[in-house]
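In full-length UniProt numbering, the protein residues as written are 1 to 126.
For each residue, glycine too, the CB sits at the ideal point set by N, CA and C.
Read the structure below first, then the notes.
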């Protein structure tokens with residue numbers, strides 16, 4: 001099975017075209033070598049996938065016939081991602097900006113209230 005199709009089947013990517021694009025960009029490595037999307041996957045291969053600033057590492061146990069349900073994925077792969085990489089995911093959740101970026105649409109009601117309070121601090125005391 002092709003590596004892009006395999007990553008789609010085991011639900012590392014939502015669409016096969018996203019898996020193909022990741023392979024073309026060099027974000028997928030198999031046995032420590034960058035691979036093209038058409039590279040064949042066999043049992044006992046080790047695959048590294050860089051996705052969302054995290055390097056996932058998986059070991060192929062078996063090749064599925066088609067896309068799997070989420071509960072069946074563990075029958076075909078073994079996740080050997082180091083704990084430090086998984087901790088990065090938790091840090092990314094906290095580091096993302098809570099507020100919108102400057103210039104991306106209208107201010108929210110909370111933003112407007114904060115601006116009103118900043119321009120006229122006595123209005124809040126009424």
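Query raised in the report: Which term fits residue 70, buried or exposed, when burial requires 16 or more other beta carbons within 10 angstroms of its beta carbon?
Result: exposed
**Report entry** Bounding residues of the beta strand (DSSP E) (the contiguous stretch that carries residue 60)
**Finding:** 54 to 60
Report task. Write down the C-beta distance between residue 10 and residue 49 rounded to the nearest angstrom, noting that I regard them as a contact closer than 8 Å. Result -> About 10 Å; that fails the 8 Å criterion.
Query raised in the report: I think residue 40 touches residue 2, with their Cβ atoms under 8 Å apart; what is that distance to the nearest whole Å?
Result: 7 Å
Query raised in the report: Short check: CB of residue 16 to CB of residue 4, under 9 Å?
Result: yes
Report task. For residue 70, name the three-state secondary structure that DSSP assigns. Result -> helix
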